[in-house]
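Trainee:
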Amino acid sequence: MPEPITLVLGGTGVKGVASIGVLQSLHNHGIKIKKIIASGVSALISAQFALGEEPNLLTEEFTHFFVDNSRSIWGLEQLTGLLMSRRPRVTGSLSYFLRERSYCSANLKSNSTLSWETVEPQITRLFGYKTFSDLMIPLAISVIDLKRGINMLMDKGTLHYSLKASIAFPGVLPPVSVDNMELVSSTIYCELPLDNITRKDSPVLTVDMPSIFSEDNPRTLLEVIAIVDDIRSAAIKEKLLTKIDYLFNLEGMNKFRWGDYNQIPQIVEQARKETDRLLKKTTLP
Amino acid sequence: MKVGLCLGGGGSRGYAHIGAIRALTEAGIKIDIVNGTSIGAIIGGMYALYQDVDKMTDLVKQVTSSVNVNHFNLFRQSKEGPPFLQSWLTEAVCDISALRKSIQSHHNNLKALRILFDEKRFEDTRIPFSAVAMDIRTGKTAIIKKGKLIDGVLASASLPGIFPPVARGKKLLVDGYVLANIPVEELRQQGTDFIISIGLVPAPSNDYHNGIDLIYYIESLKQRQLDKWAIAESDFHIKVDMSKFDSSHFENYLVAMERGYKATQKVIPLLKNKLEKANA
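Listed in order, the protein sequences are those of chains S and V. Residue 132 in the numbering used here sits at position 132 of the first sequence; the count goes up by one each step and never skips. For the numbering used here, count along the second sequence from 1 and bump the result up by 285.
If you want it as structure tokens, here you go:
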């Protein structure tokens, strides 16, 4: 009888959507999961999976969201290295300038480019008032509490607020106020929720995607700051990954441009194939 | 045993390093090698070059009186002042942020560094010195120990967003605080046996009013974590309490020096004890 594992899933934006393929593959191979620790978009996908639903049903939702809101998520693309190319053809265009400028303007005047009205109805439709205890696999959602300045795991109560907090990427969606806490996504701090893993969680499997680090020169102040932010998150991730038992590095994903939102179904499919390949190569406990 | 001094970044709080160095010198603690990041590189470079705390204090005084070294934070200014100025500044900040690489040029920095270092080179220092910067083209820390002191120190103190990155060969360098605000590992790589590190950054403040503040706050949480890991690698860490000190005003250098001096003086017996044990 194989020992069940703790699965750690993160990834911001489109990188997180790839978790759908990862969960499909693990499920198809009959890998026993005792707990999922997730952040960002992966938290939504993991909740869907833990409810016993097919996570792939979310692929279309995410594709719509990213395509419809691509003008407002400049910060998400830049601060997480999702937008690979800083080549003049992309960055020299008027539309790029306007996206960058409106990101700055929105974040000086308020605290985000999007409001909850854009995504809250979908979260309610998908998860209603379900609670963590309705899940068939225990799930812990990684967030940052701004009031106390700490990374923490949410694993009790209604799913709704925790799921909102998991995708409240600073500068893109506003922080979520609940129970005297002010919560945002932890993916801006570290792409993978590796902070709160304990010895009890062992053996732990985590899935990492290649960072798209372009060696192009930054052209603007915000790009410089975004690169710096990305480099720091990567350094934290690298250090925290040393305490993980099993690491799946989905190297084959680097053929995609994360900023190409119409390719989301292909990204999911590739993540599934990559996980299949790695499962064949690795002996889990 | 090779004893190294590792000076952390922290804007104008960095003058506390001069006070700390005064206390170490008075206690007769001999430093064989020094490195630093940002203001730590500026003070470290002066210390390695002159080995004279009085001269360092005089030079700082000279810089403060002749060069405008306060880097004005436009992001902050756009939230203060009369409403018409606020909205005008907000628009200006947005244009600058999406069109230029930084708010300020290096003009005043170079003027200040010329007073401190003249044309002196890393090779001229009395004890080995290195400045720590970060290459944003590779995402790796860069240790600079060759060439003109002005050039190396300038790169180490190019705060991203405020000052433009500095090109050096194939590298594009910014302030080393990004990955190594307290560059202990970088000093260890140079064969240092006992590292005394000095940190100046206070606890992150969660006083945020907009999205930019919020992102800056999360950056400070990351910095706290990276500093924690760096300090754990050091043999003796001196934490100077710089809370309630406005780091954007460089003319408060005497207050900072005093705090650095007192914090270091207090731990001298403990440090001597540790050094003796390490020597044995």
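Built from N, CA and C at the ideal position, the CB exists for glycine as well. Everything numeric in this text was worked out from a predicted model, so none of it was measured.
Out of curiosity, what's the CA-to-CA distance linking ASP195 (chain S) and ASN151 (chain S)?
Mentor: Numbered from its first residue, the first sequence carries residue 195 (chain S) at position 195. Numbered from its first residue, the first sequence carries residue 151 (chain S) at position 151. Cα to Cα, ASP195 (chain S) sits roughly 7 Å from ASN151 (chain S).
Trainee: Where does PHE521 (chain V) fall in DSSP's three states?
Mentor: Translated into the one-based positions of the second sequence, residue 521 (chain V) becomes position 236. Reduced to three states, the DSSP call for PHE521 (chain V) is strand.
Trainee: Leaving out five residues before and five after THR6 (chain S) in sequence, what residues of the same chain have Cβ atoms less than 8 Å from its Cβ?
Mentor: Here residue 6 (chain S) refers to the residue found at position 6 when the first sequence is read from its first residue. Cβ within range, chain order: ILE33, LYS34, LYS35, ILE36, ILE37, ILE197, ASP201, SER202, PRO203, VAL204 and LEU205.
Trainee: As a quick exercise: from S:PRO218, S:LEU146, S:TYR96 and S:ILE167, pick the residue whose alpha carbon is nearest that of LEU457 (chain V).
Mentor: Locating residue 457 (chain V) in the second sequence gives position 172, counting from the first residue. If we check each option's Cα against that of LEU457 (chain V), S:PRO218 comes out closest.
Trainee: MET1 (chain S): buried (16+ other C-beta within 10 angstroms of its C-beta) or exposed?
Mentor: On the first sequence, residue 1 (chain S) is found 1 positions in, with the first residue counted as 1. Confidence in MET1 (chain S) is poor, its pLDDT being 46 and thus under 50, which makes the residue's placement unreliable; the coordinate value appears in the next sentence. MET1 (chain S) comes out exposed.
Trainee: Would you kindly work out how many angstroms separate the C-alpha atoms of VAL268 (chain S) and VAL352 (chain V), rounded to a whole number?
Mentor: Translated into the one-based positions of the first sequence, residue 268 (chain S) becomes position 268. Translated into the one-based positions of the second sequence, residue 352 (chain V) becomes position 67. One C-alpha to the other measures close to 56 Å.
Trainee: Taking beta-carbon pairs under 8 Å, can you tell me which members of the region 373-388 of chain V lie near chain S?
Mentor: Flagged, chain order: THR375, GLU376, VAL378, CYS379, ASP380, ILE381, SER382, ALA383, LEU384, ARG385, LYS386, SER387 and ILE388.
Trainee: In the DSSP output, which residue or residues are listed as bridge partners for ASN107 (chain S)?
Mentor: Here the question's residue 107 (chain S) lines up with position 107 in the first sequence. DSSP lists no partner for ASN107 (chain S).
Trainee: The beta strand (DSSP E) that contains CYS291 (chain V), what's its start and end?
Mentor: Here residue 291 (chain V) refers to the residue found at position 6 of the second sequence. Unbroken beta strand (DSSP E) run through CYS291 (chain V): 288-292.
Trainee: Measure from the alpha carbon of PRO554 (chain V) to the alpha carbon of each residue in V:LEU401, V:LYS507, V:ARG298 and V:GLY313, then state which is nearest.
Mentor: Sequence index remark: in the second sequence, residue 554 (chain V) carries index 269 (1-based). Closest option to PRO554 (chain V), Cα to Cα, is V:GLY313.
Trainee: Which same chain residues, not among the five before or five after ARG307 (chain V), have their C-beta less than 7 Å away from its C-beta?
Mentor: Here residue 307 (chain V) refers to the residue found at position 22 when the second sequence is read from its first residue. Cβ within range, chain order: VAL338 and TYR546.
Trainee: Could you spell out where the alpha helix (DSSP H) holding ILE167 (chain S) opens and where it closes?
Mentor: As a working mapping, residue 167 (chain S) is identified with position 167 in the first sequence. Run containing ILE167 (chain S): 159-167, per the alpha helix (DSSP H) assignment.
Trainee: Need the endpoints of the alpha helix (DSSP H) that ARG298 (chain V) sits in, please.
Mentor: To locate residue 298 (chain V), count along the second sequence from 1; it is residue 13. From DSSP, ARG298 (chain V) is part of no alpha helix (DSSP H); its letter is neither H nor E.
Trainee: Less than 7 Å between the C-beta atoms of SER323 (chain V) and ALA442 (chain V), yes or no?
Mentor: Position 38 of the second sequence holds residue 323 (chain V). Position 157 of the second sequence holds residue 442 (chain V). Contact: yes.
Trainee: Using 10 angstroms around the beta-carbon of LEU444 (chain V), count the other beta-carbons present and answer buried if the total reaches 16, otherwise exposed.
Mentor: Start at 1 with the first residue of the second sequence, and residue 444 (chain V) comes out as number 159. Answer is buried; the Cβ neighbour count reaches 16.
Trainee: Which residue's Cα is closest to the Cα of ILE412 (chain V): V:ILE483, V:ARG509, V:SER528 and V:ILE316?
Mentor: As a first step, residue 412 (chain V) must be located in the second sequence, where it is residue number 127. Among V:ILE483, V:ARG509, V:SER528 and V:ILE316, the Cα nearest to that of ILE412 (chain V) is on V:ILE316.
Trainee: Closer than 8 Å is the cut-off here; do at least three beta carbon pairs connect the region 13-28 of chain S with the region 46-56 of chain S?
Mentor: With a cut-off of 8 Å, the region 46-56 of chain S and the region 13-28 of chain S count as touching, because enough Cβ pairs lie within range.
Trainee: Closest to ASP155 (chain S) by CA distance: which of S:ARG148, S:GLU53 and S:VAL143 is it?
Mentor: As a working mapping, residue 155 (chain S) is identified with position 155 in the first sequence. Among S:ARG148, S:GLU53 and S:VAL143, the Cα nearest to that of ASP155 (chain S) belongs to S:VAL143.
Trainee: What in chain S is Cβ-close to ASN491 (chain V), meaning under 7 Å?
Mentor: Within the second sequence, numbered from 1, the residue matching residue 491 (chain V) stands at position 206. Residues of chain S passing the Cβ test: LEU146, LYS147 and GLY149.
Trainee: Under 8 Å, with one C-beta from each stretch per pair, do the region 186-194 of chain S and the region 492-509 of chain V reach the 3-pair mark?
Mentor: Yes, since at least three Cβ pairs between the region 186-194 of chain S and the region 492-509 of chain V fall closer than 8 Å, the two stretches touch.
Trainee: Among V:ASP512, V:ARG298 and V:MET331, which residue has its Cα nearest to the Cα of ALA397 (chain V)?
Mentor: Here residue 397 (chain V) refers to the residue found at position 112 when the second sequence is read from its first residue. Closest option to ALA397 (chain V), Cα to Cα, is V:MET331.
Trainee: Identify each residue in the region 317-344 of chain V for which the Cβ-Cβ distance to at least one residue of chain S is less than 9 Å, and report them in chain order.
Mentor: Under the 9 Å Cβ criterion, the region 317-344 of chain V contributes no residue.
Trainee: Please return the same chain residues whose Cβ sits closer than 8 Å to the Cβ of THR342 (chain V), not counting the five positions on each side in sequence.
Mentor: Against the second sequence, residue 342 (chain V) aligns to sequence position 57. The residues are ILE303 and MET542.
Trainee: In this structure, does DSSP put LEU114 (chain S) in helix, strand or coil?
Mentor: Working through the first sequence from its first residue, we reach residue 114 (chain S) at position 114. Note: LEU114 (chain S) maps to coil in three-state DSSP.
Trainee: Is the beta carbon of GLN389 (chain V) closer than 7 Å to that of ILE447 (chain V)?
Mentor: Position 162 of the second sequence, counted from the first residue, corresponds to residue 447 (chain V). Position 104 of the second sequence, counted from the first residue, corresponds to residue 389 (chain V). Yes, the Cβ-Cβ distance between ILE447 (chain V) and GLN389 (chain V) is below 7 Å.
Trainee: Which residues in chain S have a C-beta closer than 8 Å to the C-beta of LEU292 (chain V)? List them in chain order.
Mentor: For the purposes of this step, residue 292 (chain V) is taken as the residue at position 7 of the second sequence. None at all; the shortest Cβ gap to chain S is about 20 Å.
Trainee: Against chain S, does GLY296 (chain V) count as a neighbour if the rule is that its beta carbon must be under 7 Å from one of theirs?
Mentor: Counting from one through the second sequence, the residue named residue 296 (chain V) turns up at place 11. It does not: the Cβ of GLY296 (chain V) has no partner Cβ on chain S nearer than 7 Å.
Trainee: Taking C-alpha atoms, which residue in V:GLY294, V:LYS287, V:ASP436 and V:ARG298 lies nearest to SER528 (chain V)?
Mentor: In the second sequence, residue 528 (chain V) corresponds to position 243, counting from 1. SER528 (chain V) has its Cα closest to that of V:ARG298, out of V:GLY294, V:LYS287, V:ASP436 and V:ARG298.
Trainee: Hey, is GLU274 (chain S)'s beta-carbon within less than 7 Å of any beta-carbon in chain V?
Mentor: Taking the first sequence and counting its residues from 1, the one referred to as residue 274 (chain S) is at position 274. No - not a single Cβ of chain V is within 7 Å of the one on GLU274 (chain S).
Trainee: Return the residues of the region 217-236 of chain S that lie within a Cβ-Cβ distance of less than 9 Å from chain V, sorted by chain order.
Mentor: The residues in question are ASN217, PRO218, ARG219, THR220, LEU221, LEU222, GLU223, VAL224, ILE225, ILE227, VAL228, ASP229, ASP230, ILE231, ARG232, SER233, ALA234, ALA235 and ILE236.
Trainee: For SER70 (chain S), which residues from the same chain have a beta carbon less than 7 Å from its beta carbon, with the 5 sequence-adjacent residues on both sides left out?
Mentor: As a first step, residue 70 (chain S) is located in the first sequence; it is residue number 70 there, counting from the start. So the qualifying residues of the chain are TYR261.
Trainee: In this structure, does DSSP put GLU182 (chain S) in helix, strand or coil?
Mentor: In the first sequence, counting from the first residue as 1, residue 182 (chain S) sits at position 182. Residue state, collapsed to three classes: strand.
Trainee: Determine whether the Cβ of LEU506 (chain V) lies closer than 7 Å to any Cβ atom of chain S.
Mentor: As a first step, residue 506 (chain V) must be located in the second sequence, where it is residue number 221. With 7 Å as the cut-off, LEU506 (chain V) counts as an interface residue toward chain S.
Trainee: Of the residues that make up the region 10-21 of chain S, which ones have a beta carbon closer than 7 Å to any beta carbon in chain V?
Mentor: Taking 7 Å as the Cβ-Cβ cut-off against chain V, none of the residues of the region 10-21 of chain S qualify.
Trainee: Can you give the Cα-Cα distance for LEU401 (chain V) and ALA440 (chain V), rounded to whole angstroms?
Mentor: By 1-based counting over the second sequence, the position of residue 401 (chain V) is 116. By 1-based counting over the second sequence, the position of residue 440 (chain V) is 155. Each residue's Cα considered, the two are about 15 Å apart.
Trainee: So with Cβ pairs under 7 Å, would you call GLY171 (chain S) a contact of chain V?
Mentor: Within the first sequence, residue 171 (chain S) is the residue found at index 171, counting from 1. Output row for GLY171 (chain S): interface = yes.
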